[in-house]
RNA sequence: GGGCCGUUAGCUCAAUUGGCAGAGCAGGGGCCUCUUAAGCCCAAGGUUGUAGGUUCGAUUCCUACACGGCCCA
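Residue numbers (this note's numbering): 3 to 502.
Next comes the structure, spelled out in structure tokens:
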């Protein structure tokens, strides 16, 4: 035997599988098949075709013409007829390839294609004798020859690491992954639709900022060569958006990536998607109503059918009461770090307390002992002012700020203030932050003089909200890890690879 | 940063007490005109994450490292 396809000489590791596919592509090409056309016009989605022929009775055939395209998932049969499963973003359909329709040569070539190949089909809809909606293949066009084998056709790709590093393989082999990111897109579109409908202007402010601000977080740094200056990737859009409110844009929002140079977890990716909006003449109570109304609509648009009831009004708690109910500690009675620390230790609450300031301890009490219990949507109102350098002090005083955070699924999803508009007060807050930084706090607000000057031009009363899109999508899709809702999550370098 | 768990064929998974590393799918050679996890016959496919160690013998036991997951900080 000198036949190069003699099975006794074949191996089928990955390198051999690739060589086999390359050889097959070469063969098809020699036989006159165009393997990579520049376009394939007139394609309908499989879902559209399915919907149009759902009425066909078992065994009923048509002579109508439909053009579809997708990836070859599986083939059954051969000989003189075969069934092929084709998948596109909208769904799946069965093809019926027949030798008597296509002729011997083209039928055999079609049957020789591999799973993963991209295929265009001209076909006539029918319902098979077993009741499956099917397209009889009248003509076909190879749109791309896949040189590597796809993941398993039944199990798809399950290895978490590969699913996240090689999202394209996750998407092409797992319908759930395709659905999830379609849901994410719907949720984001619904956020924009809500804000647009309420007369907000979508704006874009710098990602590269001379000074970072608007949140308590460590930034990424970079360098601009031509300007020879240090720049930071933004940790929030807050300060620029407020300058737009000073400028008279009245209602603005920005939906985009923020970057925080912090650890990774199931709830934290170093780059994440946030929408912030600011509304002149409104306060934080107005914004609470806006958020619950918006999120209820987003959940509906995303087709959410889970356990969480987003319908307004959401539960409303007050910061100190929420901590008292969960831990028995009344923060009003412990106004300094030392007394609060001993109260925490007396009650045997498991949390580190050493070296933490009073605001940090108060914040940790909330995030460790209250936040995980907030499954149904809940607002926590009236944070200690020390935790809120951009929030206006509470009209009732008492060391509080007009600030709330919203929680659902045991996670913080949004944060809002009656914005601090007084430039002198803001200057004092920056000064307080500077003292914290000198004392060793790594997450403080740098002094931003341009922002202060903007406030000095006069800022109307304003309500502002930041809503974490990734976490909202986690809740809407029932995922417990942010890596499942971000297409390409941050991963460590893989190290030396032995893969082909 | 710490603890625990995982890493085996392209994919999904086995492997008993430390004793020749096996299946299914995919791929190759055949058969097959209503199949749908199609089926039947044949032949093949492995640096068991990496580097060491113990042992007559290591996927298995030990150490370090890499990557991932969960929990804690």
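For glycine and all other residues, C-beta sits at the position ideal for the given N, C-alpha and C. Just so we're clear, the structure is a prediction, and the values are computed from it rather than from any experiment.
Unbroken alpha helix (DSSP H) run spanning residue i, endpoints
{"i": "residue 86", "result": "Per DSSP, residue 86 belongs to no alpha helix (DSSP H); it is in the beta strand (DSSP E), 83 to 90."}
{"i": "residue 435", "result": "425 to 440"}
{"i": "residue 225", "result": "Careful: residue 225 lies outside any alpha helix (DSSP H), inside the beta strand (DSSP E) at 223 to 226."}
{"i": "residue 320", "result": "Careful: residue 320 lies outside any alpha helix (DSSP H), inside the beta strand (DSSP E) at 317 to 320."}
{"i": "residue 166", "result": "162 to 167"}
{"i": "residue 301", "result": "286 to 303"}
{"i": "residue 240", "result": "240 to 248"}
{"i": "residue 361", "result": "360 to 371"}
{"i": "residue 220", "result": "Residue 220 -> no alpha helix (DSSP H), and no H or E assigned at all."}
{"i": "residue 111", "result": "106 to 113"}
Extent of the continuous beta strand (DSSP E) to which residue i belongs
{"i": "residue 127", "result": "120 to 129"}
{"i": "residue 256", "result": "253 to 261"}
{"i": "residue 405", "result": "405 to 410"}
Reduced DSSP secondary structure (H/G/I, E/B, other) of residue i
{"i": "residue 232", "result": "strand"}
{"i": "residue 382", "result": "strand"}
{"i": "residue 481", "result": "coil"}
{"i": "residue 3", "result": "Here the model assigns residue 3 a pLDDT of 28, short of 50, so the residue's position is not dependable and the matter cannot be decided."}
{"i": "residue 154", "result": "strand"}
{"i": "residue 326", "result": "helix"}
{"i": "residue 349", "result": "coil"}
{"i": "residue 2", "result": "Outside the displayed span of the chain (3 to 502) sits residue 2, for which this structure offers no information."}
{"i": "residue 447", "result": "coil"}
{"i": "residue 77", "result": "strand"}
{"i": "residue 500", "result": "Low per-residue confidence applies at residue 500: pLDDT is 38, beneath 50, and the placement is therefore not dependable enough to give any value."}
{"i": "residue 18", "result": "helix"}
{"i": "residue 132", "result": "coil"}
{"i": "residue 393", "result": "strand"}
{"i": "residue 206", "result": "coil"}
{"i": "residue 58", "result": "coil"}
{"i": "residue 460", "result": "coil"}
{"i": "residue 486", "result": "helix"}
{"i": "residue 402", "result": "strand"}
{"i": "residue 476", "result": "helix"}
{"i": "residue 491", "result": "coil"}
{"i": "residue 374", "result": "helix"}
{"i": "residue 190", "result": "helix"}
{"i": "residue 314", "result": "coil"}
{"i": "residue 8", "result": "Here residue 8 scores only 33 on pLDDT, less than 50, and its place in the model is too uncertain to base an answer on."}
{"i": "residue 45", "result": "coil"}
{"i": "residue 53", "result": "helix"}
{"i": "residue 344", "result": "helix"}
In DSSP terms, what residue i is bridged to
{"i": "residue 1", "result": "No information on residue 1 is available, as it lies outside the stretch 3 to 502 that the chain covers here."}
{"i": "residue 137", "result": "97 and 127"}
{"i": "residue 70", "result": "123"}
{"i": "residue 142", "result": "123"}
{"i": "residue 175", "result": "In the DSSP output, where bridge partners are listed per residue, residue 175 has none listed."}
{"i": "residue 270", "result": "267"}
{"i": "residue 63", "result": "128"}
{"i": "residue 213", "result": "Partner(s): none; residue 213 has no beta bridge."}
Distance between beta carbons of residue j and residue i, contact taken as under 8 Å
{"i": "residue 248", "j": "residue 456", "result": "5 Å"}
{"i": "residue 171", "j": "residue 164", "result": "7 Å"}
{"i": "residue 466", "j": "residue 316", "result": "About 19 Å; that fails the 8 Å criterion."}
{"i": "residue 387", "j": "residue 321", "result": "In fact, because the Cβ distance is near 11 Å, the residues do not count as touching under 8 Å."}
{"i": "residue 147", "j": "residue 119", "result": "6 Å"}
{"i": "residue 450", "j": "residue 241", "result": "6 Å"}
{"i": "residue 243", "j": "residue 256", "result": "6 Å"}
Environment of residue i [buried if 16+ CB atoms lie within 10 Å]
{"i": "residue 229", "result": "exposed"}
{"i": "residue 232", "result": "exposed"}
{"i": "residue 405", "result": "buried"}
{"i": "residue 472", "result": "buried"}
{"i": "residue 16", "result": "exposed"}
{"i": "residue 187", "result": "exposed"}
{"i": "residue 260", "result": "buried"}
{"i": "residue 271", "result": "buried"}
{"i": "residue 102", "result": "exposed"}
{"i": "residue 6", "result": "Below a pLDDT of 50, predicted positions are generally treated as unreliable, and residue 6, at 33, falls in that range; the measurement from the model is reported next regardless. So residue 6 counts as exposed."}
{"i": "residue 181", "result": "exposed"}
{"i": "residue 390", "result": "buried"}
{"i": "residue 499", "result": "Confidence in residue 499 is poor, its pLDDT being 44 and thus under 50, which makes the residue's placement unreliable; the coordinate value appears in the next sentence. It counts as exposed."}
{"i": "residue 106", "result": "exposed"}
{"i": "residue 332", "result": "exposed"}
{"i": "residue 413", "result": "buried"}
{"i": "residue 356", "result": "exposed"}
{"i": "residue 175", "result": "buried"}
{"i": "residue 430", "result": "exposed"}
{"i": "residue 490", "result": "exposed"}
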